[in-house]
Amino acid sequence: NDEAETNSSTKTEGVSGTIDFYTSQPDADAQGLVDAFKKQNPEVEISIFRSGTEEVVSKIQAENQGGDIQADVLLVADSVTFENFKAEELLLSYESPEAESIDDAFVDPDGTYAGTKIMATGMIVNTNKVTEMPDSWMALTDSSTKGQAVMPSPLYSGAAAYNLGVMTRQESLGWEFYESLKANDITITQGNGAVLESVATGEQNYGMIVDFLAARAINDGSPVELIYPKEGVPVITEPVGILANTENEEASKAFVDFILSEEGQQLASEQGYTPIREGVEAPEGLKTLDEMTILDAEAVELLETRNDDKARFGKIFGE
Amino acid sequence: MTAKQPEDRERKKRDSSFSLFFQSKNLYKVIGLLVIFVFFLLPVLRLVWLSFVDDGSLTMQYYTEVLNEPATWKTVKNTLIVVFGSTILALVLGILFSWLVAYVELSGKKAMQLFIFLPFVIPSYITTLAWTQFFSASGPVTAMLSWLPGDLKAPNLYSIGGIILLLGISHYPLVYLFTVNVFRKIPRELEEAAATSGLSKKRTFWKIVMPLALPGIASGGLIAFLSNLDNFGIPAFLGTPANIRVLSTYIYEQVVGFGPSAFSRAAVLSVILGVIALAGTILQWFLLRRSRVNETNRSDSTPRIYLSAGKKKLLEASLWVFLLVTSLMPLITMGALSLISAYGVPFKLENLSLRNYEYVFLTDSKPLTALSNSLQLAFFTMIICLIVGTAVAYLRFKYPDWSTKTVELFMTIPYALPGTVFALCMIFMWLEPIPGWNPGIYGTVWILFIAYVTRFLVLQVRGSYTAFLQIDPSMEEAARTSGASGWIKWRQILLPLLFPGIFSGALLVFLMALTELTVSSLLWSSGSETVGVVIFGYEQAGYSTYSTAFSTVLVLGILFGGGMFLLLSRLWDRKVLKKND
Amino acid sequence: MIKVNNVSKKYGSFTALHSIDLEIGEGEFIAVLGPSGCGKTTLLKLLAGFMGPTDGTIEMDNLVLASKKRVLPPEKRNIGMVFQSFALWPHMTVAEHVKFPLNYHPNKIKENKKEMQERMNEVLKLVGLDALAERYPSELSGGQKQRVALARAIAPLPNLLLMDEPLSALDVELRMEMRKEIQKLHRETKASIVFVTHDQGEALAIADKIVVMNKGRIEQIAPPEVLYTRPETEFVATFVGKCNLVKGQWRNEQFVPAIDSKNTWPDLGVTAGFKENGIYPVRPEQFQLMSPESAGLQGVVSFVQYQGHEIHYTVEVEEATWTIHESVFSKRFETGDFVSISLKNSLVQKEILIST
Amino acid sequence: MIKVNNVSKKYGSFTALHSIDLEIGEGEFIAVLGPSGCGKTTLLKLLAGFMGPTDGTIEMDNLVLASKKRVLPPEKRNIGMVFQSFALWPHMTVAEHVKFPLNYHPNKIKENKKEMQERMNEVLKLVGLDALAERYPSELSGGQKQRVALARAIAPLPNLLLMDEPLSALDVELRMEMRKEIQKLHRETKASIVFVTHDQGEALAIADKIVVMNKGRIEQIAPPEVLYTRPETEFVATFVGKCNLVKGQWRNEQFVPAIDSKNTWPDLGVTAGFKENGIYPVRPEQFQLMSPESAGLQGVVSFVQYQGHEIHYTVEVEEATWTIHESVFSKRFETGDFVSISLKNSLVQKEILIST
Ligand SMILES: Nc1ncnc2c1ncn2[C@@H]1O[C@H](COP(=O)(O)OP(=O)(O)OP(=O)(O)O)[C@@H](O)[C@H]1O
Ligand SMILES: Nc1ncnc2c1ncn2[C@@H]1O[C@H](COP(=O)(O)OP(=O)(O)OP(=O)(O)O)[C@@H](O)[C@H]1O
Ligand SMILES: [Mg+2]
Ligand SMILES: [Mg+2]
């Protein structure tokens, strides 16, 4: 990338060169983001690798093992993942000027990552089968809903694992919550998509699901309702960060700035997500940050205990 | 005598090249083994290496750790039950269908053949979805059972039995594909000899036909076995709710786990899986050790068993019922999903539209690019596998010594590993084949190409090898004494005789590469997205309706291609071979 | 008693058998003799029941075994068969080939393991393969394969034994031995045997009755001696007796060869049929060759074959080609030599040879 | 000139050929004769180059064609081969079988399409298959298949023609014709021919030189007449000449059979070798059978085979089994009859037969 460097030194007004953007956003969203960025920075080539969070993480880990991480900018589901990479010293510390307009809770104090949107995990309910809308997570453990609920597996989905970590650390829920879910015969599926299918088709009546999926299904006409339970909801923030060995720091930084900028956040909102930046409206059907109660936990702690959490989950649901 | 001299010179020339050939024979062998080692074994060894190192020092710690966990053994046990159960189911169905198609006079065989392939080309998430709906509380099975007396319940698919059933149904086409040509090539006289020795048709089937079909059965069984072993989609979908883990899903759990030990533990489990795969391969050798031919037959598609009209109708009806349930039902489920606007809306006219198709093929530019990428990749993968795989099968057949057996083992492993693990291996290997040197393969379409070829080559090797096992060595000897060497011998004698078997292998490679998902999802890069990647992307983003629309077009396209092929081959038979029976 | 009634067999548009009629008596030993491609194997396959006739029926004891519409399958027929192409099972050893019908053949007497083992050893010894019992077919020579096929067919002592050129790959000595064994088997078991061969010596030596076929038709059915001494058609005379059919005219019990009307040959016993057609059938050993100066028909030797105790000459006489057998001790001729041919005047032959 | 030097061939632990030495001259016609399983096909396969010898070398004009380590592949050796198992390609018609070597054989002269077509027709006519040119092997009879194999081998006129029992499935008449054609081909093309057969009559008739094999070893190599009249080993005497080897003592040029010391037989020309071993080789036609009252060795007829012009008797004499050929006109005996056996006293035979 010598060329990129010489380019950037000659062209002072803009950045240029190529960057590799690894993300778990839906394809169209990632593409939209990149297109919007390129409108401002036509000299930059961004090649996207999109896959599930787990795949993206494995890929970076494998590249690390293989000797050379190819990614420059990383955007995946949850902060714990970034804490993991941070612990392995794979991330570049960059305090974006745009991050100032974002709640400190969602930005790494060391500047290795910053949240880009708010994705709450709420409850989805089939409106054909259920008339009385619940307002609490406890609806899932109630014996009247025995065998009617579904949730994504923390063993396969990073986001679900994050939720597991957060919810078990709440006094109001804790491990007992999961034990009673098990006792209430909850069905475990691979991911959020399967939860949606299952509840929308009426195979199950209740489900734990990430909010924007449910909102979109409602938009499309599926007979479901999205509920933010009163105890609060865990949120993931889809943070973005720059890999330490990036070969195009300039462009990567410019890209991160764009994502966090007002324009970038507006775009996220248009794509159907709750933006993280203060002052940008959430799309229809979703609550904004201040409208919901957020369940929180320390990302570093979650990272340390994640494997144990999963193991414990596996024990509860395995035997 | 003047003419003698050039003749002598020519002979000397011939002789020198001839001796060179022999001096270098061992050299070729070494080079060949080396290439195979680099492409097939080294990537896996790089993974295995991880199971032995911890912070740069050698350790057995991961082994003691993983092997001491009861969860590991539970998983291994589940895996064995699932894999053997589903392999046996696939074998029974595959052998049954191939035998019926090859031996019994039935009408509509060609259409049947197309339908037999469907479960194999329909993505497994669709198949599982269709089947779970079929058996769900609101599905047709429950409805039918409620008509019957007694308190019958639809079987629960979220169980080991369900996994076995779906794996078996998805993979029996593999067995079918490998066996049907072998059945057709069994010389009639060998059965007639059994009949005059007093064997009933049934006994003849067990004592003569089955052993003679063994090359196909063993190959098909092995491939089905490996496919059941490395399958992730079905056990993940059906096993997760029931907390049933098999090795492939357990390995995935490890891979996506955090911490330095994630890959190491995954590597240990992959080694266990590899051992099971190798055991299967060796079992298959054991089955084939007696297989020999002393007559080569043209594949003979005239039926050998004629049924009375009533029995024939009955058999045809039951076959079609089976095919409709296993093949058409998922297809229809898929088609229906692709037409509705959202999940859960009733299947009514006002909710139906081609909106999803419109989005997939007009709005989004990715699917078409992906389709073209996948077609090209599948085509070139098929070509390379066809050549290399058939060459390897030939060597394996001609020189069945340790070196070719080793080669076969090497080639089996990439197919046996779960896709995710194999993709990781490819990254380890091809990012920097020599530390510090990145040849620029990784991150381009080439990595996909290499991955496909290494992963699917074994399919072609098995297909071609099975075909070779049906050829008497004297066929080739006769060609050689007639002066045909090299390419001519292949084109004129071997390939036409091998064609059905080779074609089966190539078809498999093509279809597998066309719809490949797990490996691509880790290895694709911008511009080289594949069909699988696009479908996976839609699925993950929750756009299942788009993915079904795309899959539907894909499956219909494959069906259409198959139909065209049948039509053309019939025309070919009629016009060119002038066979009209 | 098996009756073949007016059976025809077509392969596509090609007719391999034209209205065959044949009776095979209980315990009869029948040889089917004919040139390559005349339909011998086809006839045998029909008798075995591998395929049905295109026309006609095959009956056994007044029970229809096979007709155009239905065929009793071979496994229900208590037969044994030696296939021309051997049809050995590549996945079985020699011993297993023999054991197989012993286990499953309808004819086997309920034997225990030991008896079966004994019978197997006996049969293997009989065909001289006892040392090769554990070999697979791909490890056998051509003749050994044929013997396995033979052993498999005879092991269960079937009621009807169909053999399609079962000895063609064996050397004369072994062949003789096998012939003896087959005849012994026939005597002991009273099985009916249909033995297909292209070797007229074998047919003459072995059978009670010979069926001579040509181009899908039966030419003559007769016991060996009758067939040899009283052939009814030209084909039988040449194919079985190796006769040279000399054309000419019969005048007052004297034969005037067409090619040399100055010569006359005495009647050494020619059937009326041939006389009517103006033919004198002469066996190869009835001619003698002399130097061209001698009296006789003039010809050119076109081919000489040394046979140890005899020399077989092929001589071109005008349009015709004659075969003449001479003793090794007579004067030798070479290819291309001109010779004079005359009839040996041995009176002894008159009595039996070609008499009506 | 092909030289086989001390060649051995093992299949696993079984030795099929024991140190074979053989020379095949330019344009020579060699017949390899031997009983079933003696290693004939193995020798031919080594000559063709399908496999290498376990030991020894095969040279051509001082160039090593094959040794333990290296084998010149068959397609580089200008050869043609008729396989014992025919080895026809199931996907090709008869015509295509013949066309194939015409297109690819190293020996083919640059021919144009028309010439090739002509050559094909010529060869097909030669083997009598011109009418079946469009048939596939599965639609042919056994003998027709063999003729296709023959046609394919001879079509390109190779320098070395290897034939593994190429006529075994043909009837005598066709066989004779094919033999003539092969000899004609040999004369015209000057190709070297190695012709494997188990039929000693065929070997005697056709070859310049006969190699007699037994149990993987060469017993004798000699021209037909020498082989027949001066066999060097007991095996050759019995296998080629069908001699009965009578044991006894030679006393003053007189032979006293061991089984009946009262009889003495005159020396009709027995080689010194046999005399040393106390053996009198007697050809089947040298014996005569008489009623048991007559003087001679006493025996029992165990087997009678009618052969048209001869009757072949098998007679058990004490421990031994003798074969005796009698004319159809002599007194007939049946199986089980007691007979007296004596030597015919024909002096003529003395001169040539079994002389040193
Ligand atoms: N692949 C093999 N493995 C073991 N033994 C074999 C193999 N092939 C041949 N033999 C043995 O080698 C010997 C010689 O075989 P070969 O085929 O040369 O015989 P042959 O002289 O051609 O006999 P025939 O006249 O019966 O064809 C036989 O005893 C045979 O059983
Ligand atoms: N499947 C077939 N299709 C067409 N013609 C066939 C088929 N099988 C045999 N024939 C023909 O039928 C005729 C008789 O065949 P058959 O096999 O009965 O002959 P054969 O008397 O056994 O001859 P051989 O002594 O050569 O074995 C032959 O001319 C052959 O070409
Ligand atoms: Mg035949
Ligand atoms: Mg042989």
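Residue numbers (this note's numbering), protein chains in the order written: chain B, 396 to 714; chain W, 31 to 611; chain X, 626 to 981; chain G, 626 to 981. Idealized CB from N, CA, C, for every residue including glycine. Remember, predicted model here, so these are calculated numbers, not experimental data.
Distances from the alpha-carbon of S656(B) to those of G447(B), Q460(B), E495(B) and G427(B) put E495(B) closest. Residue contact with chain X for T666(G): present (Cβ-Cβ distance below 8 Å to some residue of chain X). Taking K815(X) as the centre and dropping the five residues before and after it, the same chain places the C-beta of G652 closer than 6 Å to its C-beta, in chain order. For D885(G), there is no enclosing beta strand (DSSP E), as DSSP marks it with neither H nor E. Annotation for I66(W): V437, F440 and M441 place their beta carbon closer than 8 Å to its own, counting only its chain and skipping 5 residues before and after. Neighbours of V323(W) in chain X, taken as residues whose beta carbon is under 7 Å from its own, are P715 in chain order.
F590(W) is classed as exposed because its beta carbon has fewer than 16 other beta carbons within 10 Å across all chains shown. Within 7 Å of the CB of L550(B), the CB atoms of chain W belong to E283, in sequence order along the chain. By the rule that beta-carbons nearer than 8 Å mark a contact, S230(W) touches chain X. Annotation: V323(W) is outside any alpha helix (DSSP H) and is labelled neither H nor E by DSSP. Those residues whose C-beta sits under 7 Å from the nearest heavy atom of ligand 4 are, from N- to C-terminal order along the chain, S766(X), G767(X), G768(X), K665(G), T666(G), Q709(G), D789(G), E790(G) and V821(G). Sequence-distant partners of F82(W) (beyond 5 residues in either direction) whose C-beta falls short of 6 Å from its own C-beta, in its chain, are L88.
The criterion of a C-beta distance shorter than 8 Å is satisfied by P762(G) and L713(G). By the 16-neighbour rule on beta-carbons within 10 angstroms, D473(B) is buried. Assignment of D430(B) by DSSP, reduced to helix, strand and coil, places it in the helix class. With contacts defined as CB atoms closer than 8 Å, V628(B) and L690(B) qualify as a contacting pair.
CA-CA distance, Y489(B) to Y155(W), rounds to 41 Å. With contacts defined as CB atoms closer than 8 Å, I523(W) and M505(W) qualify as a contacting pair. The residues Y133, in chain order, have a CB closer than 6 Å to that of R334(W) in the same chain once the five nearest residues on each side in sequence are set aside. Close CB contacts of L527(W) within its chain, under the 7 Å cut and outside five residues either way in sequence, are with T326, I501 and M505 (chain order). Annotation: V773(X) to I949(X) spans about 38 Å, alpha carbon to alpha carbon. Within chain W, the residues G572 have their CB atoms less than 8 Å from the CB of R611(B), given in chain order. Considering only beta carbons, the part of the stretch 953–964 of chain X lying closer than 8 Å to chain G consists of V953 and F954, in chain order. A straight line joining the alpha-carbon of G287(W) with that of A694(B) spans about 16 Å. Straight through space, the alpha carbons of P444(W) and A612(B) are spaced by roughly 39 Å. Under the DSSP assignment, N630(X) falls in the beta strand (DSSP E) whose first and last residues are I627 to Y636.
Chain order gives no chain W residues near D498(B), where near means a beta carbon separation below 8 Å; the closest approach is about 25 Å.
Within the same chain, L256, L259, T442, I443 and A446 come within 7 Å of A307(W) by CB-CB distance, once the 5 residues on both sides are set aside.
Using a Cβ-Cβ cut-off of 8 Å, T270(W) counts as an interface residue toward chain B, since at least one Cβ of chain B sits closer than that to its own. For Y905(G), the enclosing beta strand (DSSP E) has its first and last residue at I904 to V907.
Sequence-ordered contacts of the stretch 814–835 of chain X with chain G read H823, D824, Q825, G826, L829, A830 and I831 [C-beta pairs closer than 8 Å]. In the displayed model, G664(X) falls within coil according to three-state DSSP, outside both helix and strand.
Around the Cβ of Y58(W), a 10 Å sphere holds fewer than 16 other Cβ atoms; the residue is exposed. Against chain X, a Cβ distance below 7 Å from R233(W) picks out Y729.
Inter-residue distance for A292(W) and E449(B) is about 12 Å (C-alpha atoms, whole angstroms). Interface residue (Cβ-Cβ distance to chain G less than 8 Å): D755(X) is not classified as such.
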